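Notes follow the structure.
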Amino acid sequence: MRVSLTLLRRGKPRPRAGMFLDKYRRVPALLKPQQGGQQYFSDFLIRSTNDRLTQQDVEDGAGKVESTIAARLPQMDWESMSNRSTEDAVKEEMRRLMENDVSQQQRAFNERVWYEEEEKERRLQQGNGVRVAEITKTESESSLPPRVLGNDYFTSRFGYSLVKNSEMPQGLTDYSQLDMWGEMPKYTRDMIFLYLVSRRRNTYAVAYTYEGKRILPTYTAGNRGLKGGDRGFRSDGSTDNGHQVTSMYLNDLLPKLREMRASEGRPIGRGEKIELVVRVMGFYNGRQGAVRAVQDRANEFHVRYFEDITPIPLNGPKMPRGVFK
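With the UniProt record's numbering applied, the sequence shown corresponds to residues 1 to 325, in that order.
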């Protein structure tokens, strides 16, 4: 009876060490490259909130009492910031500060101001009053650079803006106007999809067309003649085996692609590069060498997209305690 109970286990079998391809299960999501424009989503939220509050201010009108608390979020508020830093606004703010600060206008001893005032007094005593005072005034103005305030001042002075022209559409942005797929890669039928899979002591390279047809059989360290110690020492793996396997694959891939394109009636022209979508999976040492092999052939291949497709489970069972092979 006891034996039959142990055999009749319900649910999933207990995970064994061999069921897991990758050693490190818990990789933070931020270490994976963001694909598909998720990083712009918070930007959209902030912008839409700002726009809503701006619209609300307009609708409320000028009848309400002005609040000293800034209602809007600061990230997208460049216009009002630059308006606040115009010369008139700064003078007005200084005037209000001085009104509130009647007892003490200068907060600390300023050595430069003290020297300037002493110099003015000395010159006034030496020469005939007003004229010398005017001269010192113009001298001090010309010797000190003008204070750079907002972007409007900078534009009027130098003729170009400090602010980058944003690629975001100006004005109120509603979610209906946003293209959520705008950041996704745009593939063409001429692109070749090169998969580089890096495992602990092995690297696989294989390429497919846009339609999913495999161009050459998969190359691995083993079937390229790298045996035993050539594949890397123990757990370290090897950067070189990734580089060798991928180099051999790309060398054989190029004539095959020329042949394919010629048979289709549109041969590869002189100086024309083949567009690649490189998809890398795994995080072992061979990965680095494989990517370097693709970079070494920059005069034949143009990498249009580089994608990391390493599967990182964000759920699932606990790590097994077994020894990884």
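Virtual Cβ for every residue (Gly too), placed ideally from N, Cα, C.
Only a predicted model underlies this, so the values are computations on that prediction, with no experimental measurement involved.
Using the beta-carbon count (16 or more within 10 Å), is S238 buried or exposed? It counts as buried.
Decide if the region 272-283 is in contact with the region 225-234; the criterion is three or more beta carbon pairs, one per stretch, under 8 Å apart. By the criterion of at least three beta-carbon pairs nearer than 8 Å, the region 272-283 is not in contact with the region 225-234.
Please report the distance separating the alpha-carbon of L226 from that of L178. Between the C-alpha atoms of L226 and L178 there is a straight-line separation of about 51 Å.
Same chain only: Cβ atoms within 6 Å of R297, ignoring 5 sequence neighbours per side: Cβ neighbours of R297 beyond the five flanking positions: L250.
Classification of I309 by the beta-carbon crowding that lies within 10 angstroms, buried from 16 upward: So I309 ends up on the exposed side.
How far does the alpha helix (DSSP H) with R287 in it reach, from first residue to last? Per DSSP, R287 belongs to the alpha helix (DSSP H) from G286 to D296.
To the nearest angstrom, report how far apart Y24 and K318 are at their CA atoms. Residue confidence for Y24 is low, a pLDDT of 48 falling below 50, so the modelled location carries little weight and cannot support an answer.
Can you tell me where the alpha helix (DSSP H) holding A89 begins and where it ends? Note, A89: alpha helix (DSSP H), E87 to N100.
Quick one: Cα of Y204 to Cα of R287, how far? Taking C-alpha positions only, Y204 is separated from R287 by approximately 10 Å.
9 Å Cβ cutoff met for A207 and L253: At a Cβ-Cβ threshold of 9 Å, A207 and L253 count as neighbours.
Endpoints, the beta strand (DSSP E) within which Y208 is located: Annotation: the continuous beta strand (DSSP E) that includes Y208 extends over N202 to Y208.
P267 versus F158 - alpha carbon distance: A straight line joining the alpha-carbon of P267 with that of F158 spans about 52 Å.
Any chance you could list the alpha helix (DSSP H) runs of at least 4 consecutive residues sitting entirely within the region 231-282, in chain order? List check, alpha helix (DSSP H) in window: 239-263.
How long is the line joining the alpha carbons of R224 and R199, rounded to whole angstroms? Each residue's alpha carbon lies about 16 Å from the other.
With distance defined between alpha-carbon atoms, name the residue in D60, L196 and R189 nearest to E211. Measuring from the Cα of E211, the nearest candidate turns out to be R189.
Pairwise C-alpha distance: R201 and K12: Annotation: K12 to R201 spans about 30 Å, alpha carbon to alpha carbon.
Backbone CA spacing between E275 and P255 [nearest angstrom]: As the crow flies, the alpha-carbon of E275 is around 15 Å from that of P255.
What is the rounded straight-line gap between the Cα of R123 and the Cα of E117? The straight-line gap from Cα to Cα measures roughly 10 Å.
DSSP has S198 in a bridge; who is on the other side? Partner(s): T203.
Where do the N-terminal and C-terminal ends of the alpha helix (DSSP H) with Y187 fall, by residue? Premise fails: Y187 is in no alpha helix (DSSP H) and is neither H nor E.
Does the Cβ of S263 have 16 or more other Cβ atoms within 10 Å, making it buried, or fewer, making it exposed? For S263, the number of other beta carbons within 10 angstroms of its own is below 16, and it is reported as exposed.
Length of the line joining the Cα atoms of K91 and P311: In a straight line, the C-alpha of K91 is about 59 Å away from that of P311.
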